[in-house]
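Engineer: The sequence shown runs 515 to 871 under the numbering used here.
Every residue, glycine too, gets a C-beta built ideally from N, C-alpha and C.
I am attaching a structure below and will ask some questions about it afterwards.
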Amino acid sequence: MRTLYILSWTTIIQAHMSLWYPPPLGGAHAANKLTTQVDEQLNFPYGCCDSEGAPTLLSPGDCRGHLDLLDAAEGQPQVTWKPGNEAYFQLSDHTYSSDAPGSTHFGGSCQVGFSTDRGRTWKVAASYHGDCPHRAGDGSPESQKFYFKVPIGMPQGSAIFAWIWLNRENESFMNCASVEIGEGSRNVTTSNAQVPFESPTHKPALESERQLFSGSKLLPESSIRLAQSVKTPSSSTLPTRPAHDNSLLPTVRHHHGNFSSSYSLIGSVSCECKSSRHCTCDPPSHLNRSQLEKRAPEACSWDSAPEMVTSYFTVDARCRPGAKLSNPTSNTFEFGWEMACGIVNGDGAYPIEIIKC
515 MRTLYILSWT
525 TIIQAHMSLW
535 YPPPLGGAHA
545 ANKLTTQVDE
555 QLNFPYGCCD
565 SEGAPTLLSP
575 GDCRGHLDLL
585 DAAEGQPQVT
595 WKPGNEAYFQ
605 LSDHTYSSDA
615 PGSTHFGGSC
625 QVGFSTDRGR
635 TWKVAASYHG
645 DCPHRAGDGS
655 PESQKFYFKV
665 PIGMPQGSAI
675 FAWIWLNREN
685 ESFMNCASVE
695 IGEGSRNVTT
705 SNAQVPFESP
715 THKPALESER
725 QLFSGSKLLP
735 ESSIRLAQSV
745 KTPSSSTLPT
755 RPAHDNSLLP
765 TVRHHHGNFS
775 SSYSLIGSVS
785 CECKSSRHCT
795 CDPPSHLNRS
805 QLEKRAPEAC
815 SWDSAPEMVT
825 SYFTVDARCR
835 PGAKLSNPTS
845 NTFEFGWEMA
855 CGIVNGDGAY
865 PIEIIKC
């Protein structure tokens, strides 16, 4: 079992994203010009890894333990946002350590929120149910941009912005940034944070489509038969865009061998996979960026925004402790949050399962 975890984490550790904007606490100098000491594990999953490669380490704490930087020069806000206004954050595959080079990680779900009391409590601003990071983007901040609206009624002054990522490998990530909240906007609409989440209709992707994303070992027999019934274009031929054009689901076109795979998504988004978990997708030039980015949901009310849970999956976690130890394989779904504020639905490539803590 220990050997399995060592091999598993050696593979997975090559596929991590991290917060790029706003400037993250402990971030690379290219992301945070005020950083004095770069955290070389900023893109590591929480709980990774003990001397034998297993995910048994305790959580480093909220914001990877960097809340103490709030009193340092590098913890000063470099971004000012106004309540009710649209804002965005960006992710990156920046390499922080040779042991953990970054790359896109084929989706998952993200949640962002704020603390106005130096990390003692957190509230949700937006939840991205699937496709976070963007499957159809590469690892650049330009292709990994996510919009949200700053909650209405947030008090003016310094605040901490937090980004949580739960991927399909039962790994959790958290990065933070110091921001300034300015004077609030008028005439804005708030969303009702107390309305239970209703999952959007899942586009029933073919098993072969789902496995292209999941990095599974073999296609099931039914999918092989279905794939054989489709005229597969050569690798140099672009697939025909289906009339329904349902978001960015993959077409049945792929080839495998020596941990190498490639395929195309609807809209001719091409992807190359150097391993079962390390893939890069290049969106075609004819797709407008707005087709890859979901616009911000309606603003949440700060007073009624739900609590943001920040402790997931580690052995000492508040939510699903030891999840990686008990389930080291990839999930066939992506997480969602019930009664979460500011929901942004993903691309529908996987069904959404509401996480229960």
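Would you list, in sequence order, the uninterrupted beta strand (DSSP E) runs of no fewer than 3 residues that lie entirely inside the segment 557-597?
Structural biologist: With a minimum length of 3 residues, no continuous beta strand (DSSP E) run stays inside the segment 557-597.
Engineer: Reducing DSSP to helix, strand and coil, say where K637 ends up.
Structural biologist: For the purposes of this step, residue 637 is taken as the residue at position 123 of the sequence shown. Strand at K637.
Engineer: Taking the alpha-carbon positions, what's the I674 to G567 distance?
Structural biologist: Numbered from 1 along the sequence shown, position 160 holds the residue referred to as residue 674. Numbered from 1 along the sequence shown, position 53 holds the residue referred to as residue 567. Those two C-alpha atoms are separated by around 32 Å.
Engineer: Contact criterion: CB-CB distance below 8 Å. Does N689 meet it with respect to chain C?
Structural biologist: The structure shown contains no chain C; it holds only a single protein chain.
Engineer: I want to know whether the segment 582-602 touches the segment 541-548 - three or more CB-CB distances under 8 Å.
Structural biologist: With the cut-off at 8 Å, the segment 582-602 and the segment 541-548 touch.
Engineer: Can you give the Cα-Cα distance for H643 and F849, rounded to whole angstroms?
Structural biologist: Here residue 643 refers to the residue found at position 129 of the sequence shown. Here residue 849 refers to the residue found at position 335 of the sequence shown. H643 and F849: Cα-Cα distance of roughly 6 Å.
Engineer: Quick check: the Cα distance between N772 and P536, rounded to an integer number of angstroms?
Structural biologist: For the purposes of this step, residue 772 is identified with residue 258 of the sequence shown, where counting begins at 1. For the purposes of this step, residue 536 is identified with residue 22 of the sequence shown, where counting begins at 1. Because the pLDDT at N772 is just 38, under 50, the model does not fix this residue reliably, and the value given afterwards should be weighed accordingly. The alpha-carbon atoms of N772 and P536 are separated by roughly 39 Å.
Engineer: For D564, is the classification buried or exposed, using 16 other Cβ atoms within 10 angstroms of its Cβ as the cut-off for buried?
Structural biologist: Locating residue 564 in the sequence shown gives position 50, counting from the first residue. Exposed is the call here.
Engineer: Could you spell out where the beta strand (DSSP E) holding K659 opens and where it closes?
Structural biologist: Your numbering for residue 659 matches position 145 in the sequence shown. Note, K659: beta strand (DSSP E), K659 to K663.
Engineer: Counting Cβ pairs closer than 8 Å, one from the segment 669-688 and one from the segment 621-634, do we hit at least three?
Structural biologist: Counting Cβ pairs under 8 Å, three or more are found: they touch.
Engineer: For the segment 834-848 and the segment 656-665, state whether three or more C-beta atom pairs, one from each stretch, are separated by less than 8 Å.
Structural biologist: As far as the Cβ criterion goes, the segment 834-848 does not touch the segment 656-665, which means the pair count is below three.
Engineer: Quick one: what's got a C-beta closer than 6 Å to I868's C-beta in the same chain, skipping five residues either side?
Structural biologist: Sequence index remark: in the sequence shown, residue 868 carries index 354 (1-based). Contacts found: G850 and E852.
Engineer: Going by DSSP, name the residue or residues bridged to F628.
Structural biologist: In the sequence shown, counting from the first residue as 1, residue 628 sits at position 114. DSSP output for F628 lists K637 and F675 as bridge partner(s).
Engineer: Could you check if N841 is buried or exposed, using at least 16 other CB atoms within 10 Å of its CB as the buried criterion?
Structural biologist: Locating residue 841 in the sequence shown gives position 327, where the first residue counts as 1. So N841 counts as exposed.
Engineer: State the start and end residues of the unbroken alpha helix (DSSP H) segment that holds S840.
Structural biologist: Locating residue 840 in the sequence shown gives position 326, counting from the first residue. Counting along the chain, the alpha helix (DSSP H) containing S840 begins and ends at A837 to S840.
Engineer: Just list the residues that DSSP pairs K606 with in beta bridges.
Structural biologist: The count along the sequence shown starts at 1 and reaches residue 606 at position 92. Checking the sequence shown, residue 606 turns out to be Ser, not Lys. Looking at the DSSP assignment, S606 forms a beta bridge with S532.
Engineer: Let me know the secondary structure DSSP gives P655 once reduced to three states.
Structural biologist: As a working mapping, residue 655 is identified with position 141 in the sequence shown. Looking at P655 - three-state DSSP - the assignment turns out to be helix.
Engineer: Less than 8 Å between the C-beta atoms of K637 and E812, yes or no?
Structural biologist: Here residue 637 refers to the residue found at position 123 of the sequence shown. Here residue 812 refers to the residue found at position 298 of the sequence shown. No, the Cβ-Cβ distance between K637 and E812 is not below 8 Å.
Engineer: W534 and Q604 look like a contact to me (Cβ under 8 Å); what is the Cβ gap, rounded to whole Å?
Structural biologist: Taking the first residue of the sequence shown as 1, we reach residue 534 at position 20. Taking the first residue of the sequence shown as 1, we reach residue 604 at position 90. Yes, they are in contact, since the Cβ atoms of W534 and Q604 sit about 5 Å apart, within 8 Å.
Engineer: Between which two residues does the beta strand (DSSP E) holding F849 run?
Structural biologist: As a first step, residue 849 must be located in the sequence shown, where it is residue number 335. Here the beta strand (DSSP E) through F849 covers E848 to G850.
Engineer: What is the rounded straight-line gap between the Cα of E900 and the Cα of Y560?
Structural biologist: Not covered by the structure: residue 900. The range shown for the chain is 515 to 871.
Engineer: Look at the alpha carbon of T843 and the alpha carbon of E697, and state the distance between them as a whole number of angstroms.
Structural biologist: What you label residue 843 is simply residue 329 of the sequence shown in a count that begins at 1. What you label residue 697 is simply residue 183 of the sequence shown in a count that begins at 1. If I take the Cα positions, the gap works out to 46 Å.
Engineer: Measuring only the C-alpha atoms, how far is Y602 from V829?
Structural biologist: For the purposes of this step, residue 602 is identified with residue 88 of the sequence shown, where counting begins at 1. For the purposes of this step, residue 829 is identified with residue 315 of the sequence shown, where counting begins at 1. Near 32 Å, if we compare the C-alpha coordinates of V829 and Y602.
Engineer: Confirm the yes/no value for this check: CB of C646, any heavy atom of the ligand GDP, distance under 7 Å.
Structural biologist: Among the components of this structure there are no ligands whatsoever, and the ligand GDP is therefore not found.
Engineer: In three-state DSSP terms, what is P820?
Structural biologist: Against the sequence shown, residue 820 aligns to sequence position 306. Looking at P820 - three-state DSSP - the assignment turns out to be coil, as it is neither helix nor strand.
Engineer: Mapping the DSSP letters down to three states, classify Y864 as helix, strand or coil.
Structural biologist: As a working mapping, residue 864 is identified with position 350 in the sequence shown. Reduced to three states, the DSSP call for Y864 is coil.
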